[in-house]
DNA sequence: GCTAAAACCAATTCACGATTGGTTTGGATA
DNA sequence: TATCCAAACCAATCGTGAATTGGTTTTAGC
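Residue numbers (the UniProt record's numbering), protein chains in the order written: chain A, 1 to 224; chain B, 1 to 224.
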């Protein structure tokens, strides 16, 4: 009998969805009301709703409600929303997943002048007299690699990622006269990335970028 | 004498900014407090703050407050701008670069229920009676993989990419009763992706996703 | 003429309660 | 025993209204 009851509820729910006048957003009454109006308990109703959800007929979200039709997709890349949901660890995870592949594309598609520009950023970063300026040139280095991928969409995603990273990153660097030490780990890593791109070696570029970001990540953890 | 007073206030403000312990976000006390603690009226203080704002030392916003340091960047990624600059080929290039790494993260981090959900999407896509519904479940499959990465930032970037893809993709598929053929190339490719994720094999998941997207790309070219 | 003080405006934030899907528990029912 | 119902609780979300804050105007005092 148990199946009969549940099947019955599912059928009645389908009928309800087909006939009832639903508001513009396709929202249907809260579970408590719906259960009462169908004369069943919440548990049974929820089982039936779970069935419909598995079929893709409805979708639900805590605090919002139950809706019919397609789940709306965020059409606006609200960076604020991303910033609030994420954290520095996720940011590094995303960079490690994303930027190596950007570097691979850059290695395959960069123009000669872009490679020169990347080299310039690398050198300027090495010579930076303050940490702030180092950070500036490092940012520009990574973005120029994005430009060199010759894919404006990849570049757009990289910019979005960078915006989130800047917003999430803890305390800003002081403008002190302290400069990165000459044996800063990033220097040799940058060189490996740049050389791989200049050699048009996509796999090596991706590997070098991955090593670089993992190194940044481990130093980030040390600083805590 | 008016100038003397204002210059004095500006100077004292600079001293305050240099010495006072400011909170992490660089916010300084509201105008009313600051005016009182400096022993001047709000109007005079505001003139001095306007001077500092013109110099870029501070920035202000109604309802938020007055802050030192750089004004945070505009936090809305303009999807329309990306759409106008890019094209279907770039979209596929970005997908091929990005989604395999998302699949790799998913393989390492997915929960059991998420793997079940991914399997469900795959099956529903195979059984879809129309191309539109196939597309729906295919989209949901790829997004669920993004959720399974357990990285909200990766998911946000994937959503951005998807939004651009939908906006760029050529004409929509009809809702005809025609359904994907049972030997549709995506079916076996989907299976390979899902199995790799279920096996927690990140490299295999990335490879399978890459093969899948390259296959989609080649079929896209054939259709032209 | 300049300043201080107060009042008001609009954007933003904050706190709190209400709502809602998700989950657990205890008891009733067949 | 197995199922269902009722109730309570949890966490995410939404709505509302008070409080805060920069921006502006008005009024009064020196």
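We treat Cβ as the ideally placed atom computed from N, Cα and C, and that holds for glycine.
No experiment lies behind these values; they were computed from the predicted model shown.
Bounding residues of the beta strand (DSSP E) (the contiguous stretch that carries residue i)
{"i": "residue 66(B)", "result": "65-68"}
{"i": "residue 58(A)", "result": "58-61"}
Euclidean distance between Cα positions of residue i and residue j
{"i": "residue 52(B)", "j": "residue 179(A)", "result": "28 Å"}
{"i": "residue 198(B)", "j": "residue 133(B)", "result": "25 Å"}
{"i": "residue 93(A)", "j": "residue 192(A)", "result": "21 Å"}
{"i": "residue 2(A)", "j": "residue 47(A)", "result": "Annotation note: pLDDT 47 at residue 2(A) (below 50); position unreliable, coordinate value reported separately. One C-alpha to the other measures close to 11 Å."}
{"i": "residue 72(A)", "j": "residue 18(B)", "result": "49 Å"}
{"i": "residue 41(B)", "j": "residue 68(B)", "result": "21 Å"}
{"i": "residue 106(B)", "j": "residue 202(B)", "result": "8 Å"}
{"i": "residue 45(B)", "j": "residue 24(B)", "result": "23 Å"}
{"i": "residue 182(A)", "j": "residue 87(B)", "result": "43 Å"}
{"i": "residue 156(B)", "j": "residue 217(A)", "result": "21 Å"}
{"i": "residue 85(B)", "j": "residue 16(A)", "result": "45 Å"}
{"i": "residue 184(A)", "j": "residue 219(A)", "result": "11 Å"}
{"i": "residue 136(A)", "j": "residue 123(A)", "result": "12 Å"}
{"i": "residue 209(A)", "j": "residue 100(A)", "result": "5 Å"}
{"i": "residue 81(A)", "j": "residue 154(B)", "result": "13 Å"}
{"i": "residue 113(B)", "j": "residue 145(A)", "result": "38 Å"}
{"i": "residue 59(B)", "j": "residue 129(B)", "result": "57 Å"}
{"i": "residue 97(A)", "j": "residue 102(B)", "result": "7 Å"}
{"i": "residue 195(A)", "j": "residue 104(B)", "result": "27 Å"}
{"i": "residue 205(A)", "j": "residue 22(A)", "result": "54 Å"}
{"i": "residue 12(B)", "j": "residue 36(B)", "result": "13 Å"}
{"i": "residue 147(A)", "j": "residue 39(B)", "result": "53 Å"}
{"i": "residue 89(B)", "j": "residue 168(B)", "result": "10 Å"}
{"i": "residue 57(A)", "j": "residue 31(B)", "result": "54 Å"}
{"i": "residue 149(B)", "j": "residue 50(B)", "result": "47 Å"}
{"i": "residue 10(B)", "j": "residue 66(B)", "result": "15 Å"}
{"i": "residue 33(B)", "j": "residue 131(A)", "result": "34 Å"}
{"i": "residue 211(A)", "j": "residue 127(A)", "result": "22 Å"}
{"i": "residue 28(B)", "j": "residue 121(A)", "result": "35 Å"}
{"i": "residue 166(B)", "j": "residue 143(B)", "result": "13 Å"}
{"i": "residue 63(B)", "j": "residue 14(B)", "result": "23 Å"}
{"i": "residue 43(A)", "j": "residue 8(A)", "result": "14 Å"}
{"i": "residue 190(B)", "j": "residue 159(B)", "result": "20 Å"}
{"i": "residue 140(A)", "j": "residue 152(A)", "result": "16 Å"}
{"i": "residue 164(B)", "j": "residue 95(B)", "result": "11 Å"}
{"i": "residue 246(B)", "j": "residue 161(B)", "result": "A question about residue 246(B) goes unanswered here, because the residues of chain B that appear run from 1 up to 224."}
{"i": "residue 171(A)", "j": "residue 109(B)", "result": "Unreliable positioning characterises residue 171(A) in this predicted model, as indicated by a pLDDT of 45, which lies under 50. The coordinate reading is nonetheless provided below. Each residue's Cα considered, the two are about 29 Å apart."}
{"i": "residue 186(B)", "j": "residue 91(A)", "result": "31 Å"}
{"i": "residue 215(B)", "j": "residue 119(A)", "result": "36 Å"}
Bounding residues of the alpha helix (DSSP H) (the contiguous stretch that carries residue i)
{"i": "residue 114(A)", "result": "112-127"}
{"i": "residue 180(A)", "result": "Residue 180(A) -> no alpha helix (DSSP H), and no H or E assigned at all."}
{"i": "residue 164(A)", "result": "152-168"}
{"i": "residue 102(A)", "result": "88-109"}
{"i": "residue 83(B)", "result": "79-85"}
{"i": "residue 31(A)", "result": "31-38"}
{"i": "residue 138(A)", "result": "131-148"}
{"i": "residue 55(A)", "result": "42-55"}
Contact list for residue i against chain A, beta-carbon separation under 8 Å
{"i": "residue 94(B)", "result": "151, 153, 154 and 157"}
Chain A residues whose Cβ lies nearer than 7 Å to that of residue i
{"i": "residue 233(B)", "result": "Residue numbering for chain B in the displayed model covers 1 to 224; residue 233(B) lies beyond these limits and cannot be assessed."}
{"i": "residue 209(B)", "result": "The premise fails here: residue 209(B) is roughly 12 Å from chain A at the closest Cβ pair, so nothing lies under 7 Å."}
{"i": "residue 274(B)", "result": "Shown here, chain B extends from 1 to 224; a query on residue 274(B) therefore has no answer."}
Residue i: contacting residues in chain B (beta-carbon distance under 9 Å)
{"i": "residue 86(A)", "result": "151, 152, 153 and 156"}
Using a Cβ-Cβ cutoff of 9 Å, what residues of the region 96-109 of chain A are near chain B? List them in chain order. Answer set for the region 96-109 of chain A: 96, 97, 98, 100, 101, 102, 104 and 105.
Check distances from the C-beta atoms of the region 157-171 of chain A to those of chain B and list, in chain order, the residues that come in under 7 Å. If the cut-off is 7 Å between Cβ atoms, the region 157-171 of chain A has 157, 160, 161, 163, 164, 166, 167 and 171 near chain B.
To be precise: take each residue of the UniProt domain "HTH gntR-type" (3-71) of chain A, compare its Cβ to all Cβ atoms of chain B, and keep it if any distance is under 9 Å. Which residues remain? Listed in sequence order: 54, 55, 56, 70 and 71.
Note down, in chain order, all residues in the region 111-123 of chain A with a beta-carbon under 8 Å from any beta-carbon belonging to chain B. So the list is empty, because no residue satisfies the distance condition.
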